[in-house]
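Numbering (our numbering), first residue to last: 217 to 415.
1) With DSSP run on the structure shown, which of helix, strand or coil describes residue 280?
2) Which value, in whole angstroms, describes the spacing of the CA atoms of residue 278 and residue 413?
3) Straight-line CA distance for residue 410 to residue 238?
4) What runs of the alpha helix (DSSP H), each 4 residues or longer, lie entirely inside the region 274 to 319?
5) Just reading off the alpha helix (DSSP H) that residue 342 is part of, what are its end residues?
6) So the alpha helix (DSSP H) residue 260 belongs to, where does it begin and stop?
7) Measuring CA to CA, which of 359, 303 and 276 is closest to residue 287?
8) Judging by CA-CA distance, which residue of 351, 268 and 235 is the nearest neighbour of residue 282?
9) Do residue 337 and residue 378 have their beta-carbon atoms positioned less than 8 angstroms apart in this structure?
10) On the three-state DSSP scale, how would you describe residue 242?
11) Under a Cβ-count criterion, where at least 16 other Cβ atoms within 10 Å of its own Cβ denotes burial, should residue 351 be classed as buried or exposed?
12) Residues in its own chain within less than 7 angstroms of residue 354 by CB, not counting five upstream and five downstream?
13) Assuming contact is defined by CB atoms lying nearer than 8 angstroms, are residue 324 and residue 263 in contact in what I supplied?
14) Can you give me the C-alpha to C-alpha distance between residue 314 and residue 271, rounded to a whole angstrom?
15) Which residue wins for smallest C-alpha separation from residue 268, given the options 327, 392 and 232?
16) Near residue 208, which residues of its chain fall below 7 angstroms by C-beta distance, leaving aside the five closest residues on each side in sequence?
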């Protein structure tokens, strides 16, 4: 339920304008703008009655991600985790500032920032919804491309990646993924099913 449609539309428009600046292109449009649209499309399919907080959070999940490159942080796992944590904070702060411009109050802004900042996975329903939608979008749209970039990964490595993604998802999202709610990449279907069965 959207409390104020105009304010909601204004926030989405501001998020999209920020993501439209992405110099990286995918399918003829800015990469992060396309990602944000895919996130909104997915939450519409998976949870059409999702909260306003969750709907705003999924649209802002990767907001201006290209401005914080991985190369800004040291190599190795500690550098990777520092980058991810920095990104969560950056996305949350950016979304919050744009929501303020759209006229949202501090309480709603803090709720969206908590979800985008990945606070309370498994305990905060809006954060869990964001995690579910992120995982579903990855499986449907990005996993095949990711596989193409990592041809050197062994089957065990892939099973581990899929199981880690699966564990982040709620039971509802898992059921949605395996019952035809999303289009799983055909080439990876045997691997996905094997990972899920053994996970």
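The beta carbon of each residue, even a glycine, is placed where N, CA and C say it ideally should be.
Put simply:
1) For the purposes of this step, residue 280 is taken as residue 64 along the chain shown, with counting starting at 1. Assignment of residue 280 by DSSP, reduced to helix, strand and coil, places it in the coil class.
2) Start at 1 with the first residue of the chain shown, and residue 278 comes out as number 62. Start at 1 with the first residue of the chain shown, and residue 413 comes out as number 197. Going from the Cα of residue 278 to the Cα of residue 413 covers about 31 angstroms.
3) Indexing the chain shown from 1 puts residue 410 at position 194. Indexing the chain shown from 1 puts residue 238 at position 22. Between residue 410 and residue 238, the C-alpha separation is close to 36 angstroms.
4) 293 to 318
5) To locate residue 342, count along the chain shown from 1; it is residue 126. Looking at the DSSP string, the run of the alpha helix (DSSP H) that includes residue 342 is 341 to 353.
6) Working through the chain shown from its first residue, we reach residue 260 at position 44. Counting along the chain, the alpha helix (DSSP H) containing residue 260 begins and ends at 247 to 262.
7) For the purposes of this step, residue 287 is taken as the residue at position 71 of the chain shown. Residue 303 is the option with its Cα nearest to residue 287.
8) Here residue 282 is taken as the residue at index 66 of the chain shown, counted from 1. The shortest Cα separation from residue 282 among 351, 268 and 235 belongs to 235.
9) Reading the chain shown from its first residue, position 162 is the one you call residue 378. Reading the chain shown from its first residue, position 121 is the one you call residue 337. No.
10) The residue labelled residue 242 in the question sits at position 26 within the chain shown. Three-state result, residue 242: strand.
11) As a position in the chain shown, residue 351 is number 135, starting the count at 1. When all chains shown are included, residue 351 counts as buried.
12) Indexing the chain shown from 1 puts residue 354 at position 138. Counting only Cβ-Cβ distances below 7 angstroms, and skipping sequence neighbours, we find 381.
13) Taking the chain shown and counting its residues from 1, one reaches residue 324 at position 108. Taking the chain shown and counting its residues from 1, one reaches residue 263 at position 47. Contact flag unset, no.
14) Counted from its first residue, the chain shown places residue 314 at position 98. Counted from its first residue, the chain shown places residue 271 at position 55. Straight-line Cα distance between these residues: approximately 15 angstroms.
15) As a first step, residue 268 must be located in the chain shown, where it is residue number 52. It is 327.
16) Only positions 217 to 415 of the chain appear in this structure, which leaves residue 208 out of reach.
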